[in-house]
Structures are given as structure tokens and as C-alpha cells.
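Start counting the sequence shown at 8; every next residue gets the next number (the numbering used here). Ideal Cβ positions, reconstructed from N, Cα and C, are used throughout, including at glycine. This structure is a prediction, so every number in the text was calculated from the model and none was measured. One structure below.
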Amino acid sequence: MPFEFAELNHPSITELEDIVQRFSIDQVLVEHVQDPGVATGFGQADNGHQLHIRCNVPALPVDDEIEWERLDVLFGQRFVVVVQPRSLTPVRRAVERFQLSTERSTADFVAVLLAQVVDLFQLLLLSIDPNDRRDSRSREETGSEPVDSHSADVRKLAGNLGRATDRLGRLLERLAEDQIDLIEPSTRTRFQTLFDRLQTVDDEIQEIRDQPESAPTAKPERESPLGAESPEVIEAAAAVGERRLQRLNHAHAITALMGAFGVSFGAVAMSWVAGPWVSSLGYERAQLIGALAFPIGFVILLVGKGELFTENFFVPVTGVMRGRGTIRDLLELWGYVLFFNLVGSVIAAFLMSRSGVFDSQSAAFLKEVALNKVNYPFWDAFMKAIFAGWLMTIMTWLILAADSLGPRIVIIWMTGFLIVAAHFNHVVISAPEIFTAMWLGAPISVGDWFVGNFVPALIGNLIGGVVFVTILSFAQAHSLDQGDEQRANNGETRKPER
Numbered sequence: 008m009p010f011e012f013a014e015l016n017h018p019s020i021t022e023l024e025d026i027v028q029r030f031s032i033d034q035v036l037v038e039h040v041q042d043p044g045v046a047t048g049f050g051q052a053d054n055g056h057q058l059h060i061r062c063n064v065p066a067l068p069v070d071d072e073i074e075w076e077r078l079d080v081l082f083g084q085r086f087v088v089v090v091q092p093r094s095l096t097p098v099r100r101a102v103e104r105f106q107l108s109t110e111r112s113t114a115d116f117v118a119v120l121l122a123q124v125v126d127l128f129q130l131l132l133l134s135i136d137p138n139d140r141r142d143s144r145s146r147e148e149t150g151s152e153p154v155d156s157h158s159a160d161v162r163k164l165a166g167n168l169g170r171a172t173d174r175l176g177r178l179l180e181r182l183a184e185d186q187i188d189l190i191e192p193s194t195r196t197r198f199q200t201l202f203d204r205l206q207t208v209d210d211e212i213q214e215i216r217d218q219p220e221s222a223p224t225a226k227p228e229r230e231s232p233l234g235a236e237s238p239e240v241i242e243a244a245a246a247v248g249e250r251r252l253q254r255l256n257h258a259h260a261i262t263a264l265m266g267a268f269g270v271s272f273g274a275v276a277m278s279w280v281a282g283p284w285v286s287s288l289g290y291e292r293a294q295l296i297g298a299l300a301f302p303i304g305f306v307i308l309l310v311g312k313g314e315l316f317t318e319n320f321f322v323p324v325t326g327v328m329r330g331r332g333t334i335r336d337l338l339e340l341w342g343y344v345l346f347f348n349l350v351g352s353v354i355a356a357f358l359m360s361r362s363g364v365f366d367s368q369s370a371a372f373l374k375e376v377a378l379n380k381v382n383y384p385f386w387d388a389f390m391k392a393i394f395a396g397w398l399m400t401i402m403t404w405l406i407l408a409a410d411s412l413g414p415r416i417v418i419i420w421m422t423g424f425l426i427v428a429a430h431f432n433h434v435v436i437s438a439p440e441i442f443t444a445m446w447l448g449a450p451i452s453v454g455d456w457f458v459g460n461f462v463p464a465l466i467g468n469l470i471g472g473v474v475f476v477t478i479l480s481f482a483q484a485h486s487l488d489q490g491d492e493q494r495a496n497n498g499e500t501r502k503p504e505r
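Structure, rendered in C-alpha cells:
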């Protein structure tokens, strides 16, 4: 090939970063690749010299279901990078064919690759049993009822294929019509030819979908008055987890810094509200009042899209357990987020300890909070940390299960209140409080923080979040899925004979 070609199969963050640096790929396009929510289509770099193309590659149907694989292509004048979940047949065939062709531009390679994808769409259409299609047409002509629901399955299959064909068609149409510097007029003609081929597939699909259907009565959906069911939450968590695991490391760092900055405002709010009440109510009662204000930091953290280390116990771990990321990706995520949470806590503590942020009463209250947190016996600190990790991970679960912002704010508020009111020990939330108290003159050393708070909090948070929530929730969802599948299979075996 006259240009450099790279093929990445489910790349790790490090592998993707290496490619980005090697070809100087625009960051906007890299974010497109990392975002699973980006639809079929293409994005263009600001300079117009790089493109990102995404399409879904189908596999032949099994049990009337199509499996789709996401394919991303990044290309510029001198490089093509293909990102895929595994080695896909269209990519292999495109490389083989391009090596035998006379074309030499990167856009020509993309045209050859998309031609292989269009071939798959045509094969997929042919895989739909022609007898089923013929029977569907004959029933329309005679007015007879369908013998069973198989024709409905065929229409469902055609409907799924039709939606994907429409999206791919829009992509090809744009590549053929938009004036893009990377695409020569002759190559735009090739994209137009592919678009025309796809239209014939779409016409046949539409013919199948237009057949009248006598479908069985649909089973009413179960009401979920308390939000999404466990398998739905796990699937949502795996999707979000996949995106987090695929982020570049500098994105981990920025998000973690924002998280530390956001949650630090909770310490400010708590201290200002509780400080004036210590003299009249005592420390413990004043802290209960401060606990009502502390969740302000949680709201800033979560609505502002910051991130704490403990938020990555449920979502990315579920992604790894569902095969959408690797242990290495998870450890990189944990390492970067925890480190930059602590860096952000140090920065926030330095700024918050400057003159004018706290008065004497609020500063005295915060120093008392910090002294308590570094002076717990190790096992007390460890047990308090288990419950903090447990609560934070439950909060993540509940936010995913809730269906609107109002309930989510209530969930965030009650979690923040309980962590402060019950003196639970959180590895990141405690850090800005302790560091600020140190800057304000509390008799606490770095060693006191590390041994008395950081170590037991880290271990306890991990156990509370991963063991008591993530693993159990995953097992619960798996068991429910198995039960639904078993009931469905039993229903099929009990069909009355005709």
C-alpha cells in the first residue's frame, strides 16, 4: 500500500494512544471512535484533512437475529486506521483486494472496504429464506392466515436490516455528494455506485416489510414502578463502562480532577453550615446539620460529569465482566482516576485553605473532622470504608435505574448525607477535608493521612463496592436472565399440537 495501514482489534487505551501519536490524529475524531453513541456516518477534522467513518457490519442471522459489529475507520492523506472489536471479514477482504488494485489513495481503500460491507448486506438479504418470502406473498394474494409466527420473524429481520441499510445509504450518499478534499471525483463516483447498489437491497427489504402481518397478541410489558429492572441496569452499566474503559488516559485525568474539585465544595458547605452550631449544639449534632449541606458537592460532582475513584467500581467492572473491556483497561482507569482525584484534592485543599474561604468556626470544625478521620483504629476505619464504598456503588446503581433527574438528585443527596452523618470513610471524599485541615494548621502529617485514612479507606471501599454491590448485582441480573430464558423455552415446548 502507498500509505500506512494500521488495524486495531478491540484496542487498549495505550494502543490507541500510540496510533494517535504516530499519525497525529485529530482529538475530535478519536473521541468519535471512543463514543459508542456516535451513529453510522462520518466526522471531519477541523482542518479537513482527516475523516472518521463508522458503520455497522452484519453477520448472517442465527435464530432470526442479526449480530452487528461496529467498524470505525480513521484516514488522512497518508494513513488508514481500522478499529474493530475483532478481525472482521470485510476488512480482511478489502486489504486483499486493494493490494491487487491500481487505486492508491486512502479514500479508494475506504471505497473498497465499504463495498465489502454492501456485499454483506446483499448476502444477508439472500439469507432470508425465499420460501418464507414466497409464502408471505401467497398469503397476501389468497387472504389466508399465517400458519405460525415465522413470517413475523422474517419481517422483523427485514426491518432490522432495513434500518441499517438506510443508515449506511445516508453515509454513502454524503461521501458521494459532499465536497471533501480527501475524496477525488472518481472516488465519489464509486461511492455513488455503492449507494445505487444498496438502494436495490433496500427496495427488496421494503417489499418484505410491506407484507401484511397477522402477528400474535403482544405480551404486555411489565410495569417497573421502581425504575429499570436488574438486567436492564447491568446492560446500561456495561455500555457506559465500555466508553469509560476506552477513554484516553488524559481524559481519565481531567475527569478525575473535575471530580475532586466538585466534591471539595461539599467540605466547604458542610463546614460553613456546621461550624457556627458547634458551640451551642456540640460537635456531633452540628455535624448532622452539616451533613445536610455536604451533598452540594455530590451534585456538582455528578451533574457536572466529574468522577471519583469509587464511581468506577460498578460501571467499568460490569463492562469488563460483559467482555467489553480488559482487566488492563480497568486497572489503568482506576490508577489514573485515583491518582488525579488525590492531585485535585491537594489543589482544592490549597485553594480552600487561603484566607477568606473559612472563618474561625468553620475552620475549627473542619480540623476536628479531619483529626477524627486519621485517628480511628485501623479496623474501625476499614469497616467504615466498606460501608462508604458500598453506599457509593449503590448510588451508581440507583442513578442508572432511576428514569429522571428528580429521583437522581434525591438519591445523590441521601447518599452524601448518610456518608457524612454516619462518619463513613471514603478514600477520596476524606482527602480534601484532611489536606485542607493540614493547610489550616491541624496537627496531621502526610504519614498520618496515608496510614490512618488512605490505606484502610482504599481497601475497604474496594471490598464494599466491588463485592457487596457489583458482583452480587451482576449475579442477580444473570440469574434473572436465565429464568426468563428458561420460561421462554418452557413456553415453546408446551405449545399445543395442531
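Would you grab the beta carbon distance between residue i and residue j for me? Rounded to a whole angstrom, and I think it's under 8 angstroms.
{"i": "I441", "j": "V381", "result": "6 angstroms"}
{"i": "I401", "j": "P302", "result": "Not quite, the Cβ-Cβ distance comes to about 15 angstroms (not below 8 angstroms), so this is no contact."}
{"i": "A13", "j": "V124", "result": "With 8 angstroms as the limit, A13 and V124 do not qualify as a contact, their Cβ atoms being about 19 angstroms apart."}
{"i": "L189", "j": "A114", "result": "5 angstroms"}
{"i": "V40", "j": "L107", "result": "Rounded, the Cβ-Cβ distance is 29 angstroms, inconsistent with contact."}
{"i": "I307", "j": "F272", "result": "5 angstroms"}
{"i": "V344", "j": "A263", "result": "4 angstroms"}
{"i": "V280", "j": "G297", "result": "5 angstroms"}
{"i": "L513", "j": "A370", "result": "Residue 513 lies beyond the range of the chain shown here (8 to 505); nothing can be said about it."}
{"i": "L127", "j": "V98", "result": "Between V98 and L127 the Cβ distance is about 12 angstroms, and since that is not below 8 angstroms, they are no contact."}
{"i": "R250", "j": "D42", "result": "7 angstroms"}
Does DSSP put residue i in a helix, a strand or coil?
{"i": "H59", "result": "strand"}
{"i": "V35", "result": "helix"}
{"i": "L447", "result": "coil"}
{"i": "E11", "result": "strand"}
{"i": "V344", "result": "helix"}
{"i": "A225", "result": "Per-residue confidence for A225 stands at a pLDDT of 43, beneath the threshold of 50, marking its modelled position as unreliable; no derived number is given."}
{"i": "Q515", "result": "As shown, the chain starts at 8 and ends at 505. That puts residue 515 outside it, with no answer to give."}
{"i": "E147", "result": "Its pLDDT being 44, under 50, E147 is placed unreliably by the model, and nothing is read from it."}
{"i": "F320", "result": "coil"}
{"i": "Q411", "result": "A small fix is needed here, since residue 411 is Ser in this sequence, not Gln. S411: coil per DSSP, three-state reduction."}
{"i": "S112", "result": "coil"}
{"i": "N432", "result": "coil"}
{"i": "S486", "result": "helix"}
{"i": "N54", "result": "coil"}
{"i": "I187", "result": "coil"}
{"i": "S508", "result": "Since the first residue shown for the chain is 8 and the last is 505, residue 508 is missing from the structure and cannot be characterised."}
{"i": "S452", "result": "coil"}
{"i": "S360", "result": "coil"}
{"i": "P384", "result": "coil"}
{"i": "R329", "result": "coil"}
{"i": "L315", "result": "coil"}
Starting from residue i and walking both ways along the beta strand (DSSP E), at which residues does that stretch end?
{"i": "L78", "result": "75 to 82"}
{"i": "G48", "result": "48 to 51"}
{"i": "F86", "result": "86 to 91"}
Does any CB atom of chain B fall closer than 8 angstroms to the CB of residue i?
{"i": "S271", "result": "Absence of chain B from the displayed structure is noted, only one protein chain being present."}
Return the first residue and the last residue of the alpha helix (DSSP H) that residue i is part of.
{"i": "A101", "result": "96 to 107"}
{"i": "K374", "result": "367 to 381"}
{"i": "P463", "result": "462 to 469"}
{"i": "R251", "result": "237 to 252"}
{"i": "W279", "result": "256 to 281"}
{"i": "G289", "result": "Counting along the chain, G289 falls outside any alpha helix (DSSP H), and DSSP gives it neither H nor E."}
{"i": "F301", "result": "Counting along the chain, F301 falls outside any alpha helix (DSSP H), and DSSP gives it neither H nor E."}
To which residues does DSSP link residue i through a beta bridge?
{"i": "V64", "result": "E76"}
{"i": "N16", "result": "Q91"}
Taking 8 angstroms as the threshold, find out whether the region 452 to 460 comes into contact with the region 471 to 491 through three or more Cβ pairs.
The answer is no - the region 471 to 491 does not touch the region 452 to 460, with fewer than three Cβ pairs under 8 angstroms.
Pair every Cβ in the region 278 to 288 with every Cβ in the region 322 to 338, then say whether three or more of these pairs are closer than 8 angstroms.
No: the two stretches stay apart, fewer than three of their Cβ pairs being nearer than 8 angstroms.
Three or more beta-carbon pairs under 8 angstroms between the region 332 to 342 and the region 480 to 494, yes or no?
no
Check whether the region 51 to 66 touches the region 199 to 206, taking contact to mean three or more Cβ pairs, one atom from each stretch, closer than 8 angstroms.
no
Contact between the region 416 to 436 and the region 388 to 407 (3+ Cβ pairs under 8 angstroms)
yes
Taking contact to mean at least 3 C-beta pairs separated by less than 8 angstroms, is the region 442 to 454 in contact with the region 364 to 380?
Here the region 442 to 454 makes contact with the region 364 to 380; the two share three or more CB pairs at distances below 8 angstroms.
Any 3 or more C-beta pairs closer than 8 angstroms across the region 84 to 103 and the region 166 to 186:
In short, these stretches do not touch, since the Cβ pair count stays below three.
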